[in-house]
Amino acid sequence: MSLFIPQEASPMTRPKQPRSTSGIPPQTAQTILNLLDRNQWDQVEPLLIKLRQKHGDDFRLLVWHGDTLRGLERFPEAITLYRQALELEPQNNESLTLSLAMCLRKEGQLDEALRLSGQVIQLRPDYAGAWALQGDIYKDQELLTQARDAYLEALKHAAAPLNALLYVKLAPFTPLPPEPAILQALEAFTNEAEQPINDRANVLATLGKIWLDAQEPDKAFEYYRKANNLIKGAFTTPPKSLIPQVNGLRVNFTAELFKALSPFGVQSAPQIFITGFSRSGKSLVESLFRSAANVRLTGESLQLDQYRQNVLTRFQNNLENYLTAQTPSSIQQDAHTYLSTLKNDGKVNISTLPSDLWNLGFIGLWLPKAPIIFCVRGLLDLGATVYCQQYKSFEGNHYSYDLPTLGEHIALYEHMMAHWAQVLPNPVFLVDYEALVRDPQTVMDNLFEQLGLERQQSYTDTVAANASMASEIGPINSFDAAMPMTDRFIGFGERFREQLTPMVQRYQSTCQELAQDQPANMVDLPAQLKVRNTEPDSAPAEADFSWQLSQVITIADNSSHLLRQQKAQDLVKSGACTLLSFDPSGELAPLAQALGKPSLHYLPQALLGDGQPSTLYLALDAAYNSTLPPAANQPGPAYLAQKNMTLAQLPVTTYALDAIEGLDWLDYLILDGVYDHATILEHGSQRLSNALLIQVSVALVATQQGQMDLATVLQWADQHGFRLLRLIDEQLEQHMPARQDLALQPAGSQLRRASVLLVPSYQRQAQLSPTQILKQAFLLDTVHDIHDFSYELLLQIDPTLAERYLKARGYLEPKRHGPDLREIQHIRQMLHTSDLPVPRHQTRKWVEQYPADPLVQSLYAECLSWSGHHRSAILTIQEAISKAPDELVLRQTYIDIMNRAGMWWEAIDLARALHVRYPERQDVQAQWWSTLTEQARPDAQEVNEALSRSQIAAQDLTTAKQIEHHATRGRLLAHSQQWEQAWQEHEQALLLAQNSQGPELARPLIAKADSLYEAGLINESCEHLWQACATYRYSPYTVHAYRKLNARLPESTQADLQSIAALHQKIEQIWAGYKQDNLQYAFGDFGLPYQGFEPLKLAGSRPAMQRLETYGLQELLPAHASALDIGCNHGFLLMGLAPRLSYGLGFDISQSCIDVGKAVAEHLGHKHIELSSQPFDDFKSKQRFDLVIACAVHHWIGVPLSEFGTKLFNFCKPGGLVLLESQGTRETTRTEVDFEAKATTMASAGFTVIRKGSLCDDGINYREFWILQRKK
């Protein structure tokens, strides 16, 4: 039974006999009554609507429908129906009149509700429900004495169980004696399991109040505990901790943020926020403002919270996304829009919602002048009153029912109040509960004076209406009504000190935890900072060391072993070497094409050999592909022979090393794999006579005929003037197959293969020139990280150079427990190209090995930052700085991470401080200039100074640094409105970046786009942003570009861009309508969509049109073809093929993906493209298709591959096509394990393979695809 439903208005007293002829079948009427009795409002309303359409305004139907709408809390509609029913049957309908009065009360129409309830009481003075409703109305009108008297009158006429609920209503107004009749009525109610849990809990709390008034605190607390345990048991899931929310607000809402952006908010004070923990005195402070002129008490208004939710919806409900997208104009717009939600009549709104505490950061941006009043109270008193309080919404106050959770929440509230007081630009006032209740007049006078408010009534007059009730009110309950304050409740919690111990302990531990997590002041620099060189794209050595190679190094790499490594790719880009890369499979063609350097000579489907055509034996395991046939009766385990099983034999071109024209010298030869090394060496002896390094892979377990073993290699070396330096790249083989039932597979122990590293014999070594020695040292250091031999070689050239080399490699630094600085530098270099898989793996490994090393922690923070996990990156770099506050590189990393996250306001002060401290350091100055350009409105004097200093071209800058330098100068010139010079700098940056991809190209494109936007060239800005979105690999800068594009498209003047803008906004609305768990298939890396569609500037990890061009499907499809896309995501592949299709059908398990796809199809007018959300098992179609797309779905469909192949066969028309594609593996040179075997299995269902190919369209995953044709 609800506290708010009068007895006679309960479902059992609804009209059951017709009062007008209606023809409603009795069975139907009984069904409706049963549903109403069970409060199944959603189920009964459709039935009532149909009956009313058929039978018209029947009295019973009107009443039943009104009751249903009241249950659904649709009170205005219920009021209308109740009035219609009363017009039909105006007499003897007290229950109906009371139901109408209840709805009117809910809608705030208190005077009419009071009048109607009074009419019922006149007709039936013994109607307990009517008296109870009058008590509720008087309470709403803040007439507490009348409310109490009405409840007392109701009790005179009430019977069980209503009397128990009336005691609950009455208890806050007056002490109830522990009389047997009262206790028995209440205890009986708590034992009725059919009663609602919240009603039973309220009755238990009332029993606690009775014993509290009777001065029996132990008994009282036990009843309060029972009430809370009852509510706690109703929670289906444990409440979430607020600690992550607190940490997120603390990281994002900082003094630096408000310093940068709050000046653009509304600079008036139309609202005052009174906030703090529940029962901390907010209502008491609010009551003071009843004496003030020109204020409006809005109570616990949800206005701010609802507006905040609407704003964040545009940013996938992500606070970081919102903040990093803010500009002066967007802050102004959001502020004025929020202001428009308040009544604009000159009155100041007073809000007291406790949860406003979590939204004050937005107020600091939008209304930085709005006063904020924090209410605080002693821990024991606060905890006791909250724990003993029963809230109307127990879900919203879940923390109050468990003592440890309550203690944690109080600590978090206090921590947030302290944080806001430190960082907000708003005027903040602190009101202590004890000071307030002891002298409310003084507190009121002080507040009014500080806030500039005028008093229109004395405090005594304000509280006079309920003064007689002051002595009756207890410490637990509070009222919104104005009444004299009392200090009787100070120290109330002391009587429960022992019971509250769990709360106090959790409060203390939470406070300690929060105190330890305080971030360091980044701008508070130590007197001295350690200076290290860890710039990712600087020369490999420290400031005083560079290799200064006078001759290009020539490398021949059989099987493209070296090209797969990032360090080799960097060497090619730098121009320090010429690389001849022989790739028998041709799988590295996309990478070679992307590098596009003249120093790289890439030869696909070719190998070194004797210059004659040869045969390539393709093995089941690609690692065993060879130009040597498999050995007969191979020794070793059976699984090794299985891996080496020949699947096919292909012709392959070979080149004799000695016969290659234009190869003036060869410094380094790499013979990897299990190829015919003996023949290669035999036909390369002339070229190798002056080689500085030879690397030969040898098998310890022979698998091929004629394969060189270790002894044979060493014998050849001895005969040709070489010696063994060391073994590298040892590969261990498992003696047991992989087993899924093992928690951990044992490590392999069989040395299967290793590479022999050969250097010139001692006699030949002594004859090398200084140029050759330098090249040899360079190779050993750069490729193999061999430092001792490199040092010895440099010592022969120049002892000073050798010492500088040691310093550069960190050997003269104080000993540190961590990885070599050179290794850290190399990982950072990979990160700056957004090459993430290797750094992720390596940094996690180092974090486990060296948990105390701040440089490792800093590197891990960078890895998190480049991966788009900005909050974790910030917390990690802050922790690293706390461990080593004197490391300059950590502070610089902090600046980079903040800028990459789009939080330039956090970086600017530190960058400025370092700029002042190190005016001669080029890296520090460049970082300062770059950070300066990120500001919304940078200081003109600082911009001019930066322009002046950056005019001097920096010496020895790498290409990447040159690109950044010109892009930065372009932005600085744009800030100073020197447009022509700005465009020149931007064009120079883009010219240097023309052969780059990923962030190295995206960043200068975004920089120019921002300058174009500042110049008012919106359309051109959007085009440059789209180009930044369309460069791969994706990175956090792609995220910035896409957000800016979506923000600027609505401002464009081109019709096509305006049309696209509307579509983009619609898609954002679709995504905003889904919870994050339902978006997991729609988004890929960095929170960007998985599929992209270039014609509509929809960014995505996988661009649909580029993929279709690589597949070449258009040229294979007949005109007016039909297509099916299994696991279609957004269906963009079908959209790209739409002009050639008569019908396209796609399905995906993700409803959000399908909704986006439908929006795009509608925008394009593709009525012949049909998309639906369903799992593969549910898909049924009798239609046969010309094309079936099955990209990377074989992994998750849940059926054997042979069966899936049969299904694909059945989906296809005779002669129809199937597109298969491998899964992504987060590697650019290796595809899904055993994809060829899997594809072969699917193709065996009746297909012919007509095309094979590969692509790396996202720059992260190398994928292979097969196009099959169904046999006719």
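Take 1 as the starting number for the sequence shown in UniProt numbering and just add one per residue. Think of the CB as a built atom: it goes at the ideal place given N, C-alpha and C, for glycine as much as any other residue.
DSSP places H65 in the uninterrupted alpha helix (DSSP H) bounded by F59 to G71.
The beta carbon of Q271 sits closer than 7 Å to those of L342, V348, N349, S351, L367 and A370, all from its chain and outside the five residues before and after it, given in chain order. Of the candidates E1115, I197 and L1187, the residue whose Cα lies closest to the Cα of L1124 is L1187.
In the DSSP annotation of this structure, the continuous segment of the beta strand (DSSP E) that includes H601 starts and ends at L600 to P604. Shown here, N349 sits in a strand according to DSSP, grouped into three states.
Ranked by Cα distance from R753, the options S697, N477 and L353 are led by S697. Short of 8 Å from the beta carbon of E472, and not among the five residues preceding or following it, lie these beta carbons of its own chain, in chain order: R148, F173, T174 and P175.
With a cutoff of 8 Å on beta-carbon distance, T653 and Q605 are scored as near each other. In the structure shown, T298 adopts extended strand secondary structure according to DSSP, grouped into three states. Ranking A384, R105 and G396 by CA distance to the CA of P239 puts G396 first. I797 and P770 have their C-alpha atoms spaced approximately 6 Å apart. In the structure shown, L380 adopts helical secondary structure according to DSSP, grouped into three states. Within 10 angstroms of the beta-carbon of G1112 lie fewer than 16 other beta-carbons, which makes it exposed. For A1192, same chain residues with a beta-carbon under 6 Å away, outside a window of 5 residues either side, are E1221 and Q1223 in chain order.
Proximity to L831 across Y1034, T501, P354 and V203 peaks at Y1034, based on C-alpha coordinates. Less than 8 Å divides the Cβ of H419 from the Cβ of R250. For G1205, the three-state secondary structure derived from DSSP is helix. Within the DSSP secondary-structure output, A754 pairs in a beta bridge with V698. Shown here, I1149 sits in coil according to DSSP, grouped into three states, outside any helix or strand. In this model, E587 and L1108 are separated by some 19 Å (Cα to Cα).
Cβ-Cβ distances below 7 Å link D432 to V376 in the same chain, with the five nearest sequence neighbours on each side left out; the list follows chain order. According to DSSP, K530 shares a beta bridge with E887. Shown here, L671 sits in a strand according to DSSP, grouped into three states. Sequence-distant Cβ neighbours of F1179 in its own chain, meaning closer than 7 Å and more than five residues away, are F1147. Nearest in C-alpha terms to T1053, of all of L1017, H683, Q849 and D1085, is L1017. Look at I797 here: in three-state DSSP terms it is helix. For C1256, there is no enclosing beta strand (DSSP E), since its DSSP letter is neither H nor E. Non-local beta-carbon contacts of A160 in its own chain, meaning distances under 8 Å to residues more than five positions away in sequence, involve A185, A188 and F189 in chain order. Below 8 Å, too few C-beta pairs join the segment 1131 to 1141 and the segment 1055 to 1074 to call them touching: fewer than three. In the DSSP assignment, P46 falls within the unbroken alpha helix (DSSP H) covering W41 to H55. Under the 8 Å Cβ criterion, the segment 847 to 855 counts as touching the segment 875 to 893, having at least three qualifying pairs. With fewer than 16 other CB atoms across the displayed protein chains lying within 10 angstroms of its CB, K1271 is exposed. Between F264 and R308 a beta carbon distance of about 18 Å is seen, past the 8 Å cut, so the two are scored as non-contacting. Of the residues assessed, R290 falls on the buried side of the cut-off, its CB having 16 or more other CB atoms within 10 angstroms. Counting C-beta pairs closer than 8 Å gives fewer than three between the segment 327 to 342 and the segment 389 to 409, which falls short of the contact rule. In this structure, the straight-line span from the alpha carbon of E823 to that of H965 is close to 26 Å.
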